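*Asks:* Could you have a look at this structure, given as structure tokens, before my questions?
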């Protein structure tokens, strides 16, 4: 007889083992899925990391190439400005800095100025490339220093003179003749290969000048150079830099680009030295003049009569002061160029005062204060006559170059003086009579052209567009505006050692 019995403990152990097995299977399955997902995620992360690393390297290469591109553009612009200034012998004797914040730099000339401008442009180009894309670079960020030569900054005083002869301090004469700047800076024309005296560009700096480049034509020239550089890059790769696959061989492309840029630089140097006939000088000159019209509120040209001014001062005769303070439509910075700029009528002016007269007046006033009424005749206080200085009525000393205290207003702002060693010899000029000259009977004069030519020989060494030439005939003053000059490169010509013909323009 067999007895069957049920063991509850065995049944419970079986159920527990079953649940444990199911749990272990679920855990193993979850681990398997997690492992599979981890492997998938790891592969994706590696691919993303590789892509991100390639993109970062690509951006770094683009920044480096953009820096080289900016350096290339800046190099072309500097060479352009240098070529224009070299053709007219413009000397850099100032700090070389422009814009709102001026930085000091030792005086340099020619290649030294160019090297400094290129070094600053290279640093600025690298900075600009790190802050902007390779295709969108602020033009002004390429240049931290203007390649345009700067001059001495002097305070204006008034001197006698009917022409364009200014007076400078003795220290400038010492600088010019010491040979520390250039052997061509001979004030009397002995070292520049001609018998013409050294000329100077005289201007009132624009306090709102935003930095180089600011003019429309110069910006267009910079954009033109940039497009040419980009086209040269595209000719190497068949497309613009930055459009290649990240998996491509960027190192070989980078090396090719560097070789292309170096080849372009060498080609530019050859063009600058040997192939000047291929350069559009007129375009470069017009861009240079347009930039000067933004750099200055007004400017003209002159020569020096003597080096007797106080240190830090420049003596301006009345014609030069009027050219700076009252420009006309023919001036180098005319109304069209001054649109959106500070009005020249707002240029602060001043009148010089005779220091000896001022001290005498003060001494007389002090003596008058110390005298009592009892010391005066009859015990009646008498007014003390203070001497009044009237330049127009004082004809004792009107020698050109001598002080003309209070005779006419002069700019209160500092005057920038920049030497020019190679002004072109004037061939012809057109003088337009002013309304006052017509009223004084200008057209009734006999042999008027002969009178004007003789007046130019006596009073002028340079002629700039917009200058007012003053001539006298039998005690009557006639003012004429220089409306045209030939050659018309920079709008200024030399009147020394040349056969200059004079034409009379139609009245305006």
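Numbering (this note's numbering), first residue to last: 16 to 523. For glycine and all other residues, C-beta sits at the position ideal for the given N, C-alpha and C. No experiment lies behind these values; they were computed from the predicted model shown.
(1) Pick helix, strand or coil for residue 315, following the three-state DSSP scheme.
(2) Look at residue 434 and residue 366 and say whether their C-beta atoms are less than 8 Å apart.
(3) Buried or exposed for residue 46, going by 16 or more other Cβ atoms inside 10 Å?
(4) Can you give me the start and stop residues for the beta strand (DSSP E) that residue 488 sits inside?
(5) Rounded to whole angstroms, what is the Cα-Cα separation between residue 529 and residue 157?
(6) Strictly by DSSP, which residues pair up with residue 499?
(7) How far does the beta strand (DSSP E) with residue 507 in it extend, from its first residue to its last?
(8) Look up residue 330 in the DSSP assignment and give the residues it is bridged to.
(9) Taking all protein chains shown into account, do 16 or more other C-beta atoms lie within 10 angstroms of the C-beta of residue 457, making it buried, or fewer, making it exposed?
(10) Specify, as a first and last residue, the run of the alpha helix (DSSP H) that residue 302 falls within.
(11) According to DSSP, which residues form a beta bridge with residue 524?
(12) Does the beta-carbon distance from residue 517 to residue 446 come in below 8 Å?
(13) Three Cβ pairs or more, each shorter than 8 Å: is that satisfied between the segment 307–326 and the segment 178–187?
(14) Run through DSSP, which three-state label would residue 475 get?
(15) I need the DSSP call for residue 426, collapsed to helix, strand or coil.
(16) To which residues does DSSP link residue 365 through a beta bridge?
(17) Could you pull out every residue in the same chain whose Cβ sits closer than 7 Å to the Cβ of residue 411, ignoring the five residues on either side in sequence?
(18) Evaluate contact between the segment 79–98 and the segment 157–172, counting only Cβ atoms and requiring at least three cross-stretch pairs below 8 Å.
(19) Identify, in the order they occur along the chain, each residue of the same chain with its Cβ nearer than 6 Å to the Cβ of residue 471, setting aside the five sequence neighbours on each side.
(20) In angstroms with no decimal places, state the Cα-to-Cα distance between residue 101 and residue 65.
(21) Residues in its own chain within less than 6 Å of residue 439 by CB, not counting five upstream and five downstream?
(22) Mind reading off the beta-carbon distance from residue 304 to residue 505? Whole number of angstroms is fine, and I expect it under 8 Å.
(23) Hey, would you say residue 329 sits closer than 8 Å to residue 169, going by beta carbons?
(24) Let me know if residue 389 comes out buried or exposed under the rule of 16 or more other beta-carbons within 10 Å of its beta-carbon.
(25) Note down, in chain order, each residue of its chain lying with its Cβ closer than 7 Å to the Cβ of residue 186, except the 5 sequence neighbours on either side.
(26) DSSP puts residue 46 in a beta bridge; with which residues?
(27) Whole angstroms are fine: how far does the CA of residue 97 sit from the CA of residue 140?
(28) DSSP puts residue 216 in a beta bridge; with which residues?
(29) Would you kindly check if the distance between the Cβ of residue 87 and the Cβ of residue 244 is under 8 Å?
(30) In whole angstroms, what is the alpha-carbon distance linking residue 417 and residue 247?
(31) Among residues of its own chain, excluding the 5 on either side of residue 477, which ones have a beta-carbon nearer than 8 Å to its beta-carbon?
(32) Could you pull out every residue in the same chain whose Cβ sits closer than 8 Å to the Cβ of residue 336, ignoring the five residues on either side in sequence?
(33) Could you tell me the boundaries of the beta strand (DSSP E) in which residue 453 lies?
(34) Quick one: Cα of residue 519 to Cα of residue 462, how far?
(35) For the beta strand (DSSP E) holding residue 348, just list the boundary residues, first then last.
(36) When we look at the beta-carbon of residue 225 and count the other beta-carbons within 10 Å, is it buried (16 or more) or exposed?
*Replies:* Concretely, from the data shown:
(1) DSSP places residue 315 in strand when its eight states are reduced to three.
(2) No, these two residues do not count as a Cβ contact at 8 Å.
(3) That one is exposed.
(4) Where residue 488 is concerned, the enclosing beta strand (DSSP E) starts and stops at 483–488.
(5) The shown model of the chain, from 16 to 523, leaves out residue 529, and the question about it has no answer.
(6) DSSP lists 445 as the bridge partner or partners of residue 499.
(7) Where residue 507 is concerned, the enclosing beta strand (DSSP E) stretches over 507–509.
(8) Per DSSP, the beta bridge partners of residue 330 are 172 and 182.
(9) By the neighbour-count definition (other C-beta atoms within 10 Å, threshold 16), residue 457 is a buried residue.
(10) Start and end: 296–310.
(11) Outside the displayed range of the chain (16 to 523) lies residue 524, so it cannot be described from this structure.
(12) Yes, the pair counts as a contact, with Cβ atoms nearer than the cut-off.
(13) Touching, per the Cβ criterion.
(14) If DSSP states are grouped into helix, strand and coil, residue 475 belongs with coil.
(15) The answer is strand: DSSP assigns residue 426 an E or B state.
(16) Bridge partners of residue 365: 425.
(17) Legend: pLDDT at residue 411 = 49, less than 50; position of this residue unreliable, value from coordinates given subsequently. Cβ contact annotation for residue 411 (same chain, cutoff 7 Å, sequence separation greater than five): none.
(18) Flag = yes, the segment 79–98 and the segment 157–172 touch.
(19) Hits under 6 Å: 510.
(20) If you draw a straight line from the Cα of residue 101 to the Cα of residue 65, it comes to about 53 Å.
(21) These residues qualify, in order along the chain: 502 and 508.
(22) That belief holds up - the Cβ atoms of residue 304 and residue 505 are roughly 7 Å apart, short of 8 Å.
(23) In this structure, residue 169 lies closer than 8 Å to residue 329 by Cβ.
(24) The predicted position of residue 389 is uncertain, since its pLDDT is 47 and thus under 50; a value taken from the coordinates is nonetheless stated next. Exposed, by the Cβ-count rule.
(25) Answer for residue 186: 326, listed in chain order.
(26) Beta-bridge pairing links residue 46 to no other residue.
(27) Legend: pLDDT at residue 140 = 47, less than 50; position of this residue unreliable, no value from coordinates given.
(28) 316 and 433, per the DSSP bridge assignment.
(29) Contact annotation: residue 244 and residue 87 have beta-carbon atoms nearer than 8 Å.
(30) Taking C-alpha positions only, residue 417 is separated from residue 247 by approximately 59 Å.
(31) Around residue 477: 179, 214, 316, 317, 318, 438, 507, 508, 509 and 510.
(32) If the five residues before and after residue 336 are omitted, its C-beta is found closer than 8 Å to the C-beta atoms of 171, 173, 423, 424, 425 and 426, all from its own chain and listed in chain order.
(33) That residue, residue 453, is in no beta strand (DSSP E); its alpha helix (DSSP H) goes 450–454.
(34) For residue 519 and residue 462, the distance between alpha carbons rounds to 12 Å.
(35) Run containing residue 348: none; DSSP gives neither H nor E here.
(36) With a threshold of 16 other beta carbon atoms within 10 Å, residue 225 falls short and is exposed.
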